[in-house]
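In what follows, a single structure is set out as structure tokens and then discussed.
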Amino acid sequence: MVLAVNGLGKQFDGKWVLEDVSITFEPGRIHGLVGHNGSGKSTLIKILAGYHDASAGEVTLDGRPINNAGPAAIRDLGIRFVHQDLGLISEFTAMENLGIGGVFSQQSGRSIDWKKQALRLQSVIDGFGSEVPLDVAVGKLSAVQRSLIAIARAVEVGDGGGSPARFLVLDEPTTALEGPEVEVLFGVIRALAESGIGVIYVSHNLRDVIELATSISVLRNGELVNTFFDRKASYESLLTAMLGEHLVSDETPNLDAFAVSRLQAQGGASSARLTVRGLRSSLLRGVDLDLYPGECVCVMGLSGSGREELIYALAGSTPSLSTSMTLNGAAIDALSPLTWHEQKIALVPGNRMPGSSVKEFTMRENLSLVSLDQLRLGFRQLDRKAETSMVERWASRLEILPADPEYGTRNLSGGNRQKVILAKWLQADPTTLFIDEPTAGVDVGAAHKLLTELRQIVGEGRTLLVTTSEVGDVLAVADRVLILHEGRVSQELVRGRDEFTESSLLLAMNQNIGEATTMTSSTGGTK
1 MVLAVNGLGK QFDGKWVLED VSITFEPGRI HGLVGHNGSG KSTLIKILAG YHDASAGEVT
61 LDGRPINNAG PAAIRDLGIR FVHQDLGLIS EFTAMENLGI GGVFSQQSGR SIDWKKQALR
121 LQSVIDGFGS EVPLDVAVGK LSAVQRSLIA IARAVEVGDG GGSPARFLVL DEPTTALEGP
181 EVEVLFGVIR ALAESGIGVI YVSHNLRDVI ELATSISVLR NGELVNTFFD RKASYESLLT
241 AMLGEHLVSD ETPNLDAFAV SRLQAQGGAS SARLTVRGLR SSLLRGVDLD LYPGECVCVM
301 GLSGSGREEL IYALAGSTPS LSTSMTLNGA AIDALSPLTW HEQKIALVPG NRMPGSSVKE
361 FTMRENLSLV SLDQLRLGFR QLDRKAETSM VERWASRLEI LPADPEYGTR NLSGGNRQKV
421 ILAKWLQADP TTLFIDEPTA GVDVGAAHKL LTELRQIVGE GRTLLVTTSE VGDVLAVADR
481 VLILHEGRVS QELVRGRDEF TESSLLLAMN QNIGEATTMT SSTGGTK
């Protein structure tokens with residue numbers, strides 16, 4: 001049972017985003033699919049899922065064409081998908097989520113047979129060799145447990161008939177996971193392949209793909225560049241195939257190439273732009289912050305440390321309170337998005353966060369959202385020429401592709417969408433930016449460009465507070481690092497004063513719990 005794409009192509013708005021791609025996926029094997037943002041990976045996956053119709057070529061299953069079959073028919077054929085956002089409802093239990101996109105087990109009439117529902121799901125989870133509570137809201141579970149529930153739902157046959165899972169497509173499955181959780185997931189993926197399921201593993205993390213996949217296909221600018229068989233791909237060969245003539249160094253951006261930090265230039269004598277005392281939220285237990293002009297402060301910590309909640313608590317989008325807060329020496333009373341907007345403080349959420357962009361809008365419309373006052377011609381009219389010029393300027397500066405102001409945001413790759421989100425807030429000319437996971441799910445080329453841009457922003461005298469789980473991001477951009485543990489700052493590391501390496505950062509995060517862990521390093525290398 002072989003799944004194949006032959007001469008596959010797709011057009012959007014008259015532009016070929018996928019052209020003449022031919023790949024064969026085999027049962028019982030893990031096939032990696034990599035490429036920079038905008039390379040066509042997402043489009044290929046959506047065609048396989050029946051979400052997009054192909055403009056050219058065909059998809060076949062065991063030699064039979066299944067072009068344009070539609071999502072329901074594709075699932076019934078045994079081709080299953082777990083997307084990056086998992087598609088779970090946080091308030092529902094694992095058993096309740098099982099019925100979404102599948103079929104609930106039923107007793108007579110229309111009542112749900114919850115006992116049978118639990119047995120169905122438990123049999124799959126048991127095969128994973130992991131423990132997942134079935135009667136707890138999935139929003140309260142760990143990231144890897146949520147991933148396992150999504151995978152179990154995908155491969156489970158259910159009462160609705162259809163073929164058992166033959167192929168499983170995993171889209172960026174490790175983005176929300178940290179070291180030990182990644183290893184758990186890898187074990188499950190290998191077990192699925194050993195059971196005969198063909199796995200298509202889509203990821204920006206080249207080292208993950210090399211570790212898992214027996215074959216790896218590389219897309220660039222909508223075309224298939226190469227397929228490496230029998231584990232013959234190296235990190236360097238994949239990087240070269242992905243980026244081609246636009247190859248960039250895998251090293252983190254050199255801090256010395258940009259404006260030096262506040263500590264080096266001013267000896268730490270400048271006044272703080274923002275001070276916060278006793279910040280508390282559901283995960284934070286009294287965090288103090290001093291943020292200065294012309295510096296980037298990165299916040300790190302293990303899952304549950306409060307790192308993932310900090311900037312949202314500061315911005316007022318997560319319930320929080322503080323004992324005191326000052327901006328440019330003046331006291332601030334309220335924590336609210338409106339207050340921060342008035343004070344030229346911007347929150348740049350991760351590109352998968354709700355509200356980070358409006359997918360139904362064009363690039364022009366998204367970029368204009370927070371800068372309407374700059375673009376008005378009259379009471380109800382915007383300067384379309386100024387809007388177009390704005391898009392062209394940011395597209396050039398951040399290398400957003402395509403650079404078409406009227407291009408739909410929903411059709412952009414993750415990396416290009418993240419650049420649009422950053423450009424939108426930079427257009428508002430903020431003095432301070434809170435940025436969450438700037439390179440999550442972004443390929444190495446786009447990540448390098450984003451990190452370089454962050455250092456340029458710091459060089460312009462702006463203040464950056466970045467929360468991230470990527471060690472490489474921190475090594476690339478941080479002047480200072482705050483380590484969170486159990487909702488409090490447990491340690492501060494200063495570039496030029498303290499050891500500033502991958503090892504020192506990992507040690508700082510783990511010394512409070514007495515155990516080691518592994519974190520991803522999106523750009524590789526250390527400084």
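Quick note: the sequence shown, position 136, residue 136 per the UniProt record's numbering, numbers continuous.
Backbone N, C-alpha and C define an ideal beta-carbon position, used for all residues, glycine too.
All values reported here derive from a predicted model rather than from experimental measurement.
About 23 Å separates the Cβ atoms of P27 and Y51, ruling out a contact at the 8 Å cut-off. Straight across, the Cα-Cα distance linking Q491 with L482 is about 6 Å. The alpha carbon of A313 has as its nearest neighbour, out of L347, G329 and L291, the alpha carbon of L347. The residue among L382, T388, P349 and A428 with its C-alpha nearest the C-alpha of I435 is P349. Collapsing the DSSP output to three states places Y407 in coil. L18 and N366 have their C-alpha atoms spaced approximately 25 Å apart. Rounded to whole angstroms, the gap between the alpha carbons of V474 and E172 is 21 Å. In this structure the segment 33-49 lies against the segment 216-230, because at least three pairs of beta carbons, one per stretch, are closer than 8 Å. A direct Cα-to-Cα measurement between A315 and I345 gives close to 9 Å. Within the same chain, Cβ atoms closer than 6 Å to the Cβ of A56 are found at G9, the five residues on either side in sequence being excluded. In the assembly as shown, V477 is a buried residue. Its beta-carbon has 16 or more other beta-carbons within 10 Å. Three or more beta-carbon pairs separated by less than 8 Å are not found between the segment 399-417 and the segment 283-299, which leaves the two stretches without contact.
Under the rule that a run must span 4 or more residues, the alpha helix (DSSP H) segments found entirely inside the segment 131-160 read 143-155.
In chain order, T24 and T60 place their CB closer than 6 Å to the CB of A4, counting only its own chain and leaving out the 5 sequence neighbours on each side. Leaving aside the five residues that flank Q145 on each side, the residues in its chain whose CB is nearer than 7 Å to its CB run, in chain order, V132. By the CB criterion at 9 Å, S320 and A331 fall outside the cutoff. In the DSSP assignment, the residues bridged to S324 are R277. Straight-line spacing of the CA atoms in Y235 and E178 works out to 21 Å.
Looking only at V287, E181, A137 and R120, the smallest Cα-Cα distance to A152 is reached by R120. In the structure shown, D288 adopts extended strand secondary structure according to DSSP, grouped into three states. G78 is a Cβ neighbour of P164, given a cutoff of 9 Å. By the C-beta criterion, the segment 273-284 is judged not to be in contact with the segment 396-407, since fewer than 3 inter-stretch pairs fall below 8 Å. The C-alpha of G378 is placed about 13 Å away from the C-alpha of A386. Collapsing the DSSP output to three states places K10 in a strand. Taking a C-beta distance under 9 Å as the contact criterion, I189 and L33 do not qualify as a contact pair. By the criterion of a C-beta distance shorter than 7 Å, A150 is surrounded in its chain by V82, L86, G87 and L88, once the five residues flanking it on both sides are discounted. The DSSP assignment places 444-459 and 471-477 as complete runs of the alpha helix (DSSP H) inside the segment 438-488, in order along the chain (cut-off: 4 residues).
For G14, the closest of E499, N411, D383 and T501 by C-alpha to C-alpha distance is N411. Residues of the same chain with a CB within less than 7 Å of the CB of A176, apart from the 5 flanking positions on each side, are A143 in chain order. In terms of CA proximity to R480, C298 leads the group G329, C298, I125 and G127.
D436: not part of any alpha helix (DSSP H); member of the beta strand (DSSP E) spanning T432 to D436, first to last residue.
Classified as exposed, E460 has fewer than 16 neighbouring CB atoms from the shown chains inside 10 Å of its CB. Within the model, the alpha-carbon separation for T362 versus S195 is close to 44 Å. Secondary-structure assignment with DSSP links M300 through a beta bridge to I483.
According to the DSSP assignment, E223 belongs to the beta strand (DSSP E) that extends over E223 to F228. Taking all protein chains shown into account, D208 has 16 or more neighbouring C-beta atoms within 10 Å of its C-beta and is therefore buried.
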